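Q: Supplied in structure tokens, the structure appears directly below.
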Amino acid sequence: MNQQQFFDLDQGKNISYMNDCSSTSGYSSANSPISMTQSPSHSPETFALQNEFANLNLPAMSNSPSPQLQQLRGSPYQQPLIVNQLLPSGNLCMEIDGGSNNILNGNTNFGNMYMPMDHFYATPQNVGYAANDGGVKQEYTAVLHIAEQPVEKFRFRYKSEMHGTHGSLNGINSKRTPKTFPEVILRNYNGPAVIRCSLFQTNLDSPHSHQLVVRKDERDVCDPHDLRVSQERGYVAQFINMGIIHTAKKFIFDELLKKKKDRLVFKMGRRELSTKQVQELHQETEREAKDMNLNQVRLCFEAFKIEDNQTWTPIAAPVYSNPINNRKSAQTGELRITRLSKPTGSVMGNDELILLVEKVSKKNIKVRFFEENDDGETVWEAYAKFRESDVHHQYAIVCQTPPYKDKDVEREVGVSIELIRPSDDERSFPPLPFRYKPRDAIVSRKRRRTCSTLTSSSSGSSSGSLNNSVELPKTVPQQGVANVSQHDQTISQEFGREFHLEQLINPESFRKILEQDSAELEKLCVTDIGVLETDGQQQSESADRTHGSRYNRNLTSTYLGEIFKIFDTARRAVDNKELYQSSCKKVENLFTDHAQKNVNNDTLLHEVISQRKDNLKLAIKTFQVIDYFKLRELAHTAQNADGDSCLHVACQQDREHYIRPLLGLGCSPNQQNLTGNTPLHLAVKEDRNNCIKLFLDAPGAKLDLSLTNDDGLTPLHMAIRQNKYDVAKNLINYDRNSINVANTTDGNNALHMAVLEQNVELIVLILDAENRMDILMSRNSAGLTPLQLARAKANDRCVRLLEEVYPDKGECAMTWIPLNIKEEMDSSSAEDDEESNSEVPAQSIKTEEIEMEFKTECADEDSTMDDSDVEQQLEQLLSSKPRFDKLVAQLNEPTADNANLPKWKEIADKSDLKEFTWLWSSSEGMLNYIQHKSGDKQYKQFALALQELGMLSASN
DNA sequence: CGGGAATTACT
DNA sequence: AAGTAATTCCC
Numbered sequence: 001m002n003q004q005q006f007f008d009l010d011q012g013k014n015i016s017y018m019n020d021c022s023s024t025s026g027y028s029s030a031n032s033p034i035s036m037t038q039s040p041s042h043s044p045e046t047f048a049l050q051n052e053f054a055n056l057n058l059p060a061m062s063n064s065p066s067p068q069l070q071q072l073r074g075s076p077y078q079q080p081l082i083v084n085q086l087l088p089s090g091n092l093c094m095e096i097d098g099g100s101n102n103i104l105n106g107n108t109n110f111g112n113m114y115m116p117m118d119h120f121y122a123t124p125q126n127v128g129y130a131a132n133d134g135g136v137k138q139e140y141t142a143v144l145h146i147a148e149q150p151v152e153k154f155r156f157r158y159k160s161e162m163h164g165t166h167g168s169l170n171g172i173n174s175k176r177t178p179k180t181f182p183e184v185i186l187r188n189y190n191g192p193a194v195i196r197c198s199l200f201q202t203n204l205d206s207p208h209s210h211q212l213v214v215r216k217d218e219r220d221v222c223d224p225h226d227l228r229v230s231q232e233r234g235y236v237a238q239f240i241n242m243g244i245i246h247t248a249k250k251f252i253f254d255e256l257l258k259k260k261k262d263r264l265v266f267k268m269g270r271r272e273l274s275t276k277q278v279q280e281l282h283q284e285t286e287r288e289a290k291d292m293n294l295n296q297v298r299l300c301f302e303a304f305k306i307e308d309n310q311t312w313t314p315i316a317a318p319v320y321s322n323p324i325n326n327r328k329s330a331q332t333g334e335l336r337i338t339r340l341s342k343p344t345g346s347v348m349g350n351d352e353l354i355l356l357v358e359k360v361s362k363k364n365i366k367v368r369f370f371e372e373n374d375d376g377e378t379v380w381e382a383y384a385k386f387r388e389s390d391v392h393h394q395y396a397i398v399c400q401t402p403p404y405k406d407k408d409v410e411r412e413v414g415v416s417i418e419l420i421r422p423s424d425d426e427r428s429f430p431p432l433p434f435r436y437k438p439r440d441a442i443v444s445r446k447r448r449r450t451c452s453t454l455t456s457s458s459s460g461s462s463s464g465s466l467n468n469s470v471e472l473p474k475t476v477p478q479q480g481v482a483n484v485s486q487h488d489q490t491i492s493q494e495f496g497r498e499f500h501l502e503q504l505i506n507p508e509s510f511r512k513i514l515e516q517d518s519a520e521l522e523k524l525c526v527t528d529i530g531v532l533e534t535d536g537q538q539q540s541e542s543a544d545r546t547h548g549s550r551y552n553r554n555l556t557s558t559y560l561g562e563i564f565k566i567f568d569t570a571r572r573a574v575d576n577k578e579l580y581q582s583s584c585k586k587v588e589n590l591f592t593d594h595a596q597k598n599v600n601n602d603t604l605l606h607e608v609i610s611q612r613k614d615n616l617k618l619a620i621k622t623f624q625v626i627d628y629f630k631l632r633e634l635a636h637t638a639q640n641a642d643g644d645s646c647l648h649v650a651c652q653q654d655r656e657h658y659i660r661p662l663l664g665l666g667c668s669p670n671q672q673n674l675t676g677n678t679p680l681h682l683a684v685k686e687d688r689n690n691c692i693k694l695f696l697d698a699p700g701a702k703l704d705l706s707l708t709n710d711d712g713l714t715p716l717h718m719a720i721r722q723n724k725y726d727v728a729k730n731l732i733n734y735d736r737n738s739i740n741v742a743n744t745t746d747g748n749n750a751l752h753m754a755v756l757e758q759n760v761e762l763i764v765l766i767l768d769a770e771n772r773m774d775i776l777m778s779r780n781s782a783g784l785t786p787l788q789l790a791r792a793k794a795n796d797r798c799v800r801l802l803e804e805v806y807p808d809k810g811e812c813a814m815t816w817i818p819l820n821i822k823e824e825m826d827s828s829s830a831e832d833d834e835e836s837n838s839e840v841p842a843q844s845i846k847t848e849e850i851e852m853e854f855k856t857e858c859a860d861e862d863s864t865m866d867d868s869d870v871e872q873q874l875e876q877l878l879s880s881k882p883r884f885d886k887l888v889a890q891l892n893e894p895t896a897d898n899a900n901l902p903k904w905k906e907i908a909d910k911s912d913l914k915e916f917t918w919l920w921s922s923s924e925g926m927l928n929y930i931q932h933k934s935g936d937k938q939y940k941q942f943a944l945a946l947q948e949l950g951m952l953s954a955s956n
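Counting in UniProt numbering, the first sequence runs from 1 upward without gaps.
Listed below in structure tokens is the structure:
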């Protein structure tokens, strides 16, 4: 018996043992029956070798690796010979996978190109695999049980990476300490046995071309790995220190074939496969290799008993581990959101959100928003909107948030975001929090509500005397109602019965109300104003204070009451001009004073139109005051801390009936708030269709639809992005030029954006508008026309639709725009791109002028042009639209020699332009291209070629 | 150990 | 020619 050392997987270290059994490893020992084998072609020579090795049978192998051993590591492909020499170690086998197995496999790696090893196995006696070859199901009493699954994600390393160590394949429950490893238990069996672990495909009962290696003596030995188990050890086999080598693509087939052969040979207990078998194996391998999942493997565990030291008999059905995924791959790697561009968004959705993510594949990724209750049940989910092209380089996703389920939430709602990979339903972890913010409308309403309470100055109870000693009228809601409850169509059940909605919507009638001072209004003005803001919250808050009878009127009520008092007084003293003047001043001061004190600087007007319960009476009276004292400037400039005007608030709160009165009072419809939004932006954003309509229909309001908000969008852009056809239609009808405005984020105009939405109706709508040419030709920041964008990112239907309308089927849009068109564009649209400032001559000369000049010039010169003249001539030719077109036509004609070869192609083929020819389908493309090359070689060449063809003069 | 990056190879 | 995937490098 030799004392030997080997690496014990169980113990994770080298140990020595008495070599009392010479070879357990199935593949390994020279005597072993099954040998691995042979590459299709082996050199016959080496029986001798085999014996030699067999005899080598050494003890050494482990601790003191021979120089060759050391050389060997990590290079099975390259150093087969050395590998062969190691073979003997296989005899050590037993506890750990015999080194020999691996070595053999290593050998197999080389395919036929290397030293064949078949002779090793040529020994006749070693046949003994008792397995169930004929495919007969065999009943086993023993059972393999996986006690510890491998981790589900692991980075597969390429062989070239297998230098140092890179961490081993741990058990799924492994922690820093204690670590665990894949582990199986053999049950229902007595006596010694060997458990084998090898790498398998996940969807086939077939080995995987990757290598399951275990680091041993500075080298990586490949699977299968055999571990001896016994009663003393509790029949537990723990596979320690394994790694997975990612077989390079080019070796997949070879590796797989090798493994399959080895397996078959082992199973058959024979040393040679029949030619037929080899062929079959070949074909089978070819098939498998083609679509083998290279990023997923599983472990296969088998159990054998070894009889006569030679015969390996399976004693239990093989079991397979869960899949192990390659951590590095985009298909199976971990999904992770690294960062969000912002943590919040509107409940309305459609906010742009950028996610930085770990490697994802754009075709296989979704962004899921979801909300769970305390029990972890999903109560809501929605997916962000984005296109494949919004996935930037596998590492970022630009998406639009989905709307939240409840658009009327009053406070922020916390939800989660995760990535989902549909192919395997993998989720990113952990989910990232995201907060849905209530709509501005609700926020401001709430803010107003709470702040009025907060800021209300303390004062006496029901008498309501405050700092400024304003006596607020005691208000009993019913009073107001009692007088006038004759109409049915009313806005506000409690307070507004006197006014029909339509009256207010209609500016004429509203004006009348204001100006004529109708009896109704008169009555209104002398009666008490309604109760301000008595919503539940305030009531409960006030209830808290009631105990000390310290119920307060809020700030707004106070000021409003004071102002109304002044107003009423002044009005009664009709002829008192002085009183009127001073009243003006007072009211103005109160107005501004209030705004200053009020939280968020909401003015009285803001407050009055955004009461939780719409209070028409109150609002109208306030309007009347403003109007009466000619304080339009106040209304006009009234902005709160968010930069919101009253119109903004009206839109937020969906109080469309105030829009016209406010416009009438001088509020500017084009005022932008601090985020750049006009009231119309808000109306679109918040889906306030009535507001939108009123804005657009308002006679005096001159809306500027080209204003962009901080997201770079006009109202039309927003509508398109939200696929709001009707809104977009109304906006376009209001101002057709608005479709040409480019958003300042990516330079897309309305058509670009509709294309991105792939919304055919919108595209048609836009195309039906006028100014078609401008919009067709305008380019976004990426330099793309709508058609080009469609080709890149939209479906066929959109592309076809657009191709229909481009005059030349989009030919010119594929490449460059003729200068003259571009000049038109430059002057007519906000769009600008780099091209336009580069080549275009600064002086834009009228087409006719060029023609004139050109004619005269050409008349003089003719055959005597030098190179620069030729170029100049070409340049002028290209810069005139008629000439350009003419040249296009001429060049599209076939050449004299070949009816199938247009002239332009001929020129291209003969010049440096050859390699670009594929770009163009007619001469126009080439001309567009060449005109931007002014001054360089291609341009000159082209000019000369034209001259040669006589085209330069011909085109005169 | 574990991971990011760079490089190269394919579409 | 751009964008991914595959490999290799290297901190």
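Cβ atoms here follow ideal geometry from the backbone N, Cα and C, with glycine treated the same way.
Being a predicted model, the structure only gives us computed values, none of them experimental.
Over the uninterrupted beta strand (DSSP E) stretch that includes histidine 145, give me the two end residues.
A: Unbroken beta strand (DSSP E) run through histidine 145: 143–148.
Q: According to DSSP, is serine 911 part of a helix, a strand, or is it coil?
A: DSSP places serine 911 in coil when its eight states are reduced to three.
Q: Rounded to whole angstroms, what is the Cα-Cα separation between asparagine 795 and glutamate 334?
A: Going from the Cα of asparagine 795 to the Cα of glutamate 334 covers about 31 angstroms.
Q: Along the chain, where does the alpha helix (DSSP H) containing arginine 721 start, and where does it finish?
A: Taken as a continuous stretch (DSSP letters only), the alpha helix (DSSP H) holding arginine 721 covers 715–721.
Q: One question on the structure: do phenylalanine 181 and methionine 242 come within less than 9 angstroms of each other, judged by their Cβ atoms?
A: Yes, the Cβ-Cβ distance between phenylalanine 181 and methionine 242 is below 9 angstroms.
Q: From what residue to what residue does the beta strand (DSSP E) around arginine 571 run?
A: Segment 555–572 is the alpha helix (DSSP H) holding arginine 571; no beta strand (DSSP E) there.
Q: Run the CB neighbour count on tyrosine 658, radius 10 Å, all protein chains shown included, and call it buried at 16 or more, exposed below.
A: It counts as buried.
Q: With H, G and I counted as helix, E and B as strand and the rest as coil, what does DSSP make of arginine 233?
A: Coil, per DSSP.
Q: Can you list, in chain order, the residues of its chain whose CB lies under 7 angstroms from that of leucine 927, leaving out five sequence neighbours each side?
A: The answer, listed in chain order, is Leu878, Phe884, Leu887 and Val888.
Q: If you follow the alpha helix (DSSP H) that glutamate 288 is in, where does it begin and where does it stop?
A: That run of the alpha helix (DSSP H) goes 275–290.
Q: Quick one: Cα of methionine 718 to Cα of alanine 782, how far?
A: Roughly 20 angstroms between the two C-alpha positions.
Q: Just the Cα atoms here: how many angstroms apart are aspartate 710 and isoleucine 566?
A: Rounded to whole angstroms, aspartate 710 to isoleucine 566 spans 42 angstroms at the Cα level.
Q: Need the endpoints of the beta strand (DSSP E) that leucine 579 sits in, please.
A: Leucine 579 -> not in any beta strand (DSSP E); alpha helix (DSSP H) instead, spanning 577–597.
Q: Which residue wins for smallest C-alpha separation from alanine 641, given the options Ser610, Ala595, Ala650 and Ala289?
A: When each option's Cα is compared against that of alanine 641, the closest is Ala595.
Q: Within a Cβ cutoff of 8 angstroms, which residues of the same chain sit near asparagine 749, ignoring the five residues on either side of it in sequence?
A: Contacts found: Ile739, Asn740, Val741, Ala742, Asn743, Ile775, Ser778, Asn780, Pro786, Ser829 and Glu831.
Q: Within this structure, are the beta carbons of glycine 712 and glycine 664 separated by less than 9 angstroms?
A: No. Outside cutoff.
Q: Apply the 10 Å Cβ neighbour rule to threonine 678 and answer buried if 16 or more other Cβ atoms are within range, or exposed otherwise.
A: Its Cβ being crowded by 16 or more others within 10 Å, threonine 678 is buried.
Q: If you follow the beta strand (DSSP E) that glycine 345 is part of, which residue opens it and which one closes it?
A: Counting along the chain, the beta strand (DSSP E) containing glycine 345 begins and ends at 344–346.
Q: Note down, in chain order, each residue of its chain lying with its Cβ closer than 6 angstroms to the Cβ of lysine 910, except the 5 sequence neighbours on either side.
A: Contacts found: none.
Q: Would aspartate 219 be called buried (16 or more neighbouring beta carbons within 10 Å of its own) or exposed?
A: With the sequence shown as reference, residue 219 is identified as arginine, and aspartate is not the correct amino acid for it. Burial call: buried.
Q: For the alpha helix (DSSP H) that phenylalanine 884 lies in, which residues bound it at each end?
A: Where phenylalanine 884 is concerned, the enclosing alpha helix (DSSP H) stretches over 881–892.
Q: Beta carbon of cysteine 646, beta carbon of leucine 605: below 9 angstroms?
A: Yes, the Cβ-Cβ distance between cysteine 646 and leucine 605 is below 9 angstroms.
Q: Measuring CB to CB, does glycine 164 end up less than 9 angstroms from valine 151?
A: The answer is no: Cβ separation not under 9 angstroms.
Q: Rounding to the nearest angstrom, what Cα-Cα distance links arginine 797 and valine 760 in this structure?
A: The alpha-carbon atoms of arginine 797 and valine 760 are separated by roughly 8 angstroms.
Q: Quick one: grab the DSSP three-state call for threonine 313.
A: In this structure, threonine 313 counts as strand in the three-state DSSP scheme.
Q: Find the nearest neighbour of aspartate 390 within the set Gln400, Tyr383 and Ile563, judged by alpha-carbon distance.
A: The shortest C-alpha separation from aspartate 390 is found at Gln400.
Q: If we require 3 or more residues per run, which beta strand (DSSP E) segments fall completely within the region 345–410?
A: List check, beta strand (DSSP E) in window: 352–357, 366–372, 378–383 and 396–400.
Q: Bridge partners for valine 221 per DSSP, in chain order?
A: Val214, per the DSSP bridge assignment.
Q: Only counting the same chain, and skipping five residues up and downstream in sequence, which positions put a Cβ closer than 6 angstroms to that of threonine 895?
A: If we look at threonine 895 and ignore the five residues flanking it on each side, its Cβ neighbours are Leu901, Lys903 and Glu906.
Q: For histidine 246, does the three-state DSSP call read helix, strand or coil?
A: The answer is strand: DSSP assigns histidine 246 an E or B state.
Q: Indicate whether leucine 212 and histidine 225 have their beta-carbon atoms separated by less than 9 angstroms.
A: Cβ atoms of leucine 212 and histidine 225: closer than 9 angstroms.
Q: Can you give me the Cβ contacts of glutamate 139 inside the same chain, cut-off strictly under 6 angstroms, excluding the 5 residues immediately before and after it?
A: Here the set comprises nothing.
Q: Is DSSP giving phenylalanine 429 helix, strand or coil here?
A: Of the three classes helix, strand and coil, the one that applies to phenylalanine 429 here is coil, per DSSP.
Q: Which two residues bound the contiguous beta strand (DSSP E) that contains cysteine 197?
A: Segment 193–200, the beta strand (DSSP E) holding cysteine 197.
Q: Cysteine 651 lies in the alpha helix (DSSP H); which residues open and close that run?
A: Unbroken alpha helix (DSSP H) run through cysteine 651: 646–652.
Q: For leucine 186 versus isoleucine 306, is the C-beta spacing smaller than 9 angstroms?
A: It is not a contact, given that the beta carbons lie outside the stated cut-off.
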